[in-house]
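Written out below as structure tokens is the structure these notes cover.
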Amino acid sequence: MDQKTDDSIDYLTKKSINETKKLIEEANNLRSRLETSNRKMFARMLKDTTAVALVISLSDEVLRIKSKYHASRIFFRASKNASIQGFGLINSIALRLAGIASLFLPKFVLSLVMLRVKQISKEIILSSDKEKLNTHIEKRSKNEASLNINVLGEAVLGEREAEQRLNQTVEIMRRKEVNYVSVKISSICSHIVSVDHKGTLERVTEQLRKLYKVSIETETFVNLDMEEFRDLRITVDAFKLLLLEKPFQKLYAGIVLQAYLPEAHEVFDELLLWAKERNLNNGGKIKIRLVKGANLEMERVESEIQGWNSATYPGKDLVDASYLRLIDIGLRKEYEGVVDLGIASHNLFHLSFALEIAKSRKVVNQMDIEMLEGMANAEALALSSKGKKILLYTPVANDDDFASAVAYLVRRFDENTSPENYLSASFSIAESNETYIQQENKFFRAVSDRHTVSTKSIRHREEQTCNDTGFYNEKNTDTTNPLVREKIQKEIKKVLDIKDYKIPLVIGGENFLNRDLVPSGDPSNGGEIWYEYATATKEDISYAFKVATKSISGWNSLGENEIKRILNQASIIIQKERAELIAIMSRDAGKIINEADIEITEAIDFANFYGSSAIENNLHEESTPLGVVVVTPPWNFPYAIPAGGICSALASGNTVIVKPAPETVMTAWFLVQQLWRAGVPKNVLQFIPAREDEVGQSLITHKDVSAVILTGSIDTAKLFSSWNPAINIMAETSGKNSIIVTACCDVDLAVKDLVHSAFGHSGQKCSAASIGIIDSSVFRESNFLKQLKDAVESFSVGPSWNPSTEIGPIIVPPSDVLDKALNYLEEGEKWLVVPRKLDQQGYLWSPGVKIGVKPKSWSHQSEWFGPVLGIMESPSLDTSILWQNDTQYGLTSGIHSLDVDEIEKWIDLTEAGNLYVNRGITGAVVSRQPFGGWKNSCFGFSAKAGGDNYITNLRKFYDLTDAKTAIKESEIWLRNTGIKVSKRSNLVSEMNYLKFKYHLKPILVKVSKSTPEAYLEYLEWLSSTLKDNIKVIYGEEDFSEMAQYERVRWLSNEKPPYSEFSIFDTRSLCQRGDIEIRRWLLEQSISITTHRYGNINAGPKPKVLGNLDQLFTA
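With my numbering applied, the sequence shown covers 120 to 1233.
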């Protein structure tokens, strides 16, 4: 049912404007002295962006922090921006003095600040104390206004908090003075999973059923709020489903629709029709509360990060037109007595228009007017004095839990100060004719545009093919789309039906199945066998190398543009087959649906990125392919990592032999078939499953292997090196990763990011956070442990192919290290959450959290792959950084802090390849966050996967002969790139940077009499440039004394003493100086969340400085 607007009521526009003028004047006359003063304060602040930032900092950062010492530092820094323009002379001086005083008397001063903020906001966020709330309800009732109560609290991260919020709402409902409440489904149900629509609906309705029963008992109206776009369909379906159940068939209940969503119109039509049918079947009426939408900024942030279209209209003008369209459609005689409308707005033009429509159609009783408590008191009084029904949306919070209301307060303040919003204009609309005219013109346009505003989904809109030849990140699957969910479930069912599948070797274009077959099972189903794969012999491997070696020149001769085209075609095929891939990975690798989907996106990005990177690096200039590259991927990322290794090697003109991980051969088999169909010849890419014995060893030791791309443990990398010391190895290895949570954190977000970083893919990511280092003030004085326990215990554990599962199986039953992590405690440790085996075979484990982890203990310094998180309590940030760095690894590290000084210090001192600020530490995105570690988190040639430098290690560049040219090229690269911090994306909600640093230990360079003169000249320049970061040695040296050096660059014709060093680089110096200089530096990726609840002007904005600035003067 696509209803049409009614242009016959357009004449009401002028009448509405006249009524609006009267209301503005009346409101101005009714305004209290206090409200007038507050409005002047807001109007003043709107002219000064630093004042707005200070107020947000005060409410969102200072008042949130438990440690008064740390809070005072932020307050002092913020108070220095208290300008006269923004705050007036007296308030500006008072804030600055208070900031200084807080450094000496933090507890006293900040208590006064908290008291003052509570006083200012007491009309916006009410106390839930029974006596105080009753008093306010009585006060409002005298002004013909009712309250719609919304209970605020901590972020709902688990079922305990959800149940507590439900109980708080029920307690409020049972108060005789309360007759109206609002609740979001996300506040009473923590387990909302978009891909599991059916299961989520069951969980939500179970909770709502409790509220509706109390609604009948107490005659309290229950309104279902909306927040995130993902909740729209679930909320509507739950609402309709329950109100058709016999106990609730006559229940009068409500639901919110957000006009900033085009989908609101389709849902509105659906609800109107459904309500009429329900009413005809002796059902009660419903109420639909129409709002503009208050989650706009977060919707934009999520869409930007995920690569989706923003679900909302792109401009406020369209939102206004959408809003008026809904009013026009809904306020009609045919819906009177069936659907009531709550017209929720502060825009007096829109309210007047709604009232005029209602009067002209004689449906005035069908609507009431709704506003936010404390935001427009005089306007509400002006309307109620004319006999209009007013309902005030009223958030309430416990007196001792004001910090939980901060998010709402910040959002309201952001709304007040946003120049797009009527509220912002309302501060001066009575005095400023210019402001009034602007708002009147906006109203005229909205009335006219309501006839033409699109009602088609923007989020689910089919995309046009992008003509951009450059690289851009692929978007993840949007599982709010029912067609997508249906397709995934269909493919999962098909894959679960597969039995006795046989996977061959593929060598030289031929399939070989007449080999030893190895069974492989489904970890979600106790290891049930569902396919077998053929394993190679030594003769197979020799044959594969012969084929691969012969094919190098032909593949390389295609040129970088043709290879890029083939890889682009592969990315198109992968995208088309995404649903089937998700199903394959869910059964083969134990990946839950969302984790599998993200991995597929990464693979698409790798295919597109490396093709483009080869061209942008002029990779084929002055170089030749390395030759045959062996790719040995891991089981924990069985699709994206082999895709990255294969595509990088192919883009570099090499041929590839891929040996899949034994646990996930099916996933790799699917990948190579896609690449073959895209145009990669089968003699260029060969598929060689092999046992991890002497046969597998021969892949590494074969005379024709040119390079090995490995993702695995540091022990495996060293083992490969011991087999073939001269091998060119590019290894991403182990990680012992942690997140620091400082005294200045947002506890809600810290807990959320910590548990998702720890338990994503059951803790089996090399980037997973297995340690949380928590400041004592957070550990002991906040709800941190309570929230952490609740969040962890609330995870749904089960088969990876079940859409409701949040934590799937581990790939094999635990042994050795993981068994110790899951089952044993060291001295001083105890379980906050005990991990439990949930199936007989040992694949399914509920996650565990151990607290009391000591510095230098086994738990602190040992890597494990499984669902266990260790917690350390730290006395200071300095200690936290020391502990974070005190492992042999340096892969990913994170920090949660709202203090910009803390963040900048941490960035400068942390020893890891990928740093993450106020976000999770897993899920690096290709190009945006090039991925790779330091110390024992890498081995061999050091370059970040998904970064610009990775594929430069997969070509053999011409030897250096002209040192002066190479030096000049190196200097140009250093000045233009090396000493700078480069932005890796154009996102506004997240800043991503890449910078170069010196190696943690100097690089030792060995030369001899046979070393070319050009080499010596380049090394002399390099020594003067990098100074103490390299040491050049000549002649005989005692290498047993050289263990302090991290790497050795061997430029001598003498045989390297491989047994004495882990990492030897025996490559010649190359003529291309822009390539050579990168081999002497480390890369570091830094990703920083730059918004607070979607507000990109709030939150810390740390400066990221280069570490090589001293190389050149400005």
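No residue lacks a Cβ here, since even glycine has one placed at the ideal position from N, Cα and C. These numbers were taken from a predicted model, which means no experiment stands behind them.
Would you tell me roughly how many angstroms separate the C-alpha atoms of N342 and D487, rounded to the nearest one? If I take the Cα positions, the gap works out to 14 Å.
For S1206: DSSP bridge partner residues: According to DSSP, which records beta bridges pairwise, S1206 is partnered with Y1035, N1111.
Cβ neighbours of T1232 in the same chain (closer than 6 Å, five flanking residues each side left out): Note on T1232: pLDDT 49, under 50, position unreliable in the model; the coordinate value appears next. Excluding residues within five positions, none has a Cβ falling inside 6 Å.
Once you ignore the five residues that flank T554 on each side, which residues in its own chain have a CB closer than 7 Å to its CB? The residues are A544, S547, I548.
Can you tell me where the beta strand (DSSP E) holding G205 begins and where it ends? Per DSSP, G205 lies in no beta strand (DSSP E); the unbroken alpha helix (DSSP H) holding it starts and ends at 203 to 223.
Do you know offhand how far N595's Cα is from R1047's? Going from the Cα of N595 to the Cα of R1047 covers about 15 Å.
Cβ-Cβ distance between L276 and A887 below 8 Å: No, Cβ-Cβ distance for L276 and A887 is not below 8 Å.
What are the boundary residues of the beta strand (DSSP E) that Q377 is part of? Start and end: 372 to 377.
Can you check whether the CB of Q793 is closer than 8 Å to the CB of E714? No, Cβ-Cβ distance for E714 and Q793 is not below 8 Å.
Run the proximity test for N1216: is its beta-carbon closer than 7 Å to any non-hydrogen atom belonging to the ligand SAH? The ligand SAH is absent from the structure shown, which contains no ligand whatsoever.
For the 8 Å Cβ check, are there 3 or more pairs between the stretch 614 to 622 and the stretch 759 to 767? Counting Cβ pairs under 8 Å, fewer than three are found: no touch.
Residues near K507 by beta carbon distance below 6 Å, same chain, minus five either side: For K507, same chain residues with a beta-carbon under 6 Å away, outside a window of 5 residues either side, are I488 in chain order.
Reduced DSSP category for F1058 - H, G, I as helix; E, B as strand; rest coil: Reduced to three states, the DSSP call for F1058 is strand.
Length of the line joining the Cα atoms of R810 and T654: So the two alpha carbons sit approximately 6 Å from each other.
Close-in-space but distant-in-sequence residues of the same chain around L790 (CB under 7 Å, 5 per side omitted): Here L790 has Y758, P761, A762 as same chain residues with Cβ atoms under 7 Å from its own Cβ, once five neighbours each way along the sequence are excluded.
Rounded straight-line distance, which links the Cα of S246 to that of L252: L252 and S246 have their C-alpha atoms some 6 Å from each other.
Pick from E610, L963, S186 that is closest to G645, judged by C-alpha positions: When each option's Cα is compared against that of G645, the closest is L963.
Taking three-plus beta-carbon pairs below 8 Å as touching, is the stretch 629 to 637 in contact with the stretch 661 to 674? With a cut-off of 8 Å on Cβ pairs, the stretch 629 to 637 is not in contact with the stretch 661 to 674, counting fewer than three such pairs.
I need the boundaries of the beta strand (DSSP E) containing V791, first residue and last residue. Where V791 is concerned, there is no enclosing beta strand (DSSP E), although the alpha helix (DSSP H) it sits in stretches over 784 to 797.
L1201 (DSSP reduced to helix, strand or coil): If DSSP states are grouped into helix, strand and coil, L1201 belongs with the strands.
Identity of the residue in K133, Q122, Y130, K185 nearest T861 by Cα: For T861, the closest of K133, Q122, Y130, K185 by C-alpha to C-alpha distance is K185.
Are three or more beta carbon pairs between the stretch 462 to 474 and the stretch 139 to 159 nearer than 8 Å? Yes, the stretch 462 to 474 touches the stretch 139 to 159.
Sort D1005, F472, L528 by Cα distance to K975 and report the nearest one. For K975, the closest of D1005, F472, L528 by C-alpha to C-alpha distance is D1005.
Do three or more CB pairs link the stretch 174 to 192 to the stretch 1017 to 1024 at distances below 8 Å? Contact between the stretch 174 to 192 and the stretch 1017 to 1024 is established, with three or more Cβ pairs separated by less than 8 Å.
Determine the closest residue to L944 out of L542, N921, W977, F914, with distance taken between C-alpha atoms. Put simply, of L542, N921, W977, F914 the residue whose alpha carbon is nearest the alpha carbon of L944 is W977.
Cα separation between L1073 and L745? Each residue's alpha carbon lies about 6 Å from the other.
N- and C-terminal bounds of the alpha helix (DSSP H) containing G318: If you look at G318, you'll find it in the alpha helix (DSSP H) that goes 316 to 337.
Between E296, K612, A413, which lies nearest to S919 when the distance is taken from Cα to Cα? S919 has its Cα closest to that of K612, out of E296, K612, A413.
T354 beta carbon less than 8 Å from that of I345: Reading off the sequence, residue 345 comes out as Met, not Ile. Going by C-beta atoms, M345 is nearer than 8 Å to T354.
Would you kindly report the start and end of the unbroken alpha helix (DSSP H) that includes H875? Its alpha helix (DSSP H) spans residues 866 to 878.
List in chain order: all unbroken alpha helix (DSSP H) runs of 4+ residues lying wholly within the stretch 284 to 309. Taking 4 residues as the shortest admissible run, the stretch 284 to 309 contains the following complete alpha helix (DSSP H) segments, listed from N- to C-terminal end: 304 to 307.
Which residues mark the beginning and the end of the beta strand (DSSP E) in which D909 is found? In this chain, D909 is not harboured by any beta strand (DSSP E); it is covered by the alpha helix (DSSP H) spanning 903 to 912.
Identify every run of the beta strand (DSSP E) within the stretch 578 to 660, keeping only runs that are complete inside it and at least 3 residues long; order them along the chain. You should have 620 to 622, 624 to 626, 629 to 631, 636 to 641, 647 to 653.
Runs of beta strand (DSSP E) wholly within the stretch 1071 to 1096 (minimum 3 residues, chain order): As far as the stretch 1071 to 1096 is concerned, its whole beta strand (DSSP E) runs of at least 3 residues are 1074 to 1076.
Going by CA-CA distance only, name the one from I405, S504, V410 that's closest to G456. Ranking I405, S504, V410 by Cα distance to G456 puts I405 first.
Span of the alpha helix (DSSP H), counted from its first residue to its last, around A461: In the sequence on display, residue 461 carries Gly and not Ala. Here G461 belongs to no alpha helix (DSSP H); instead the beta strand (DSSP E) covers 458 to 463.
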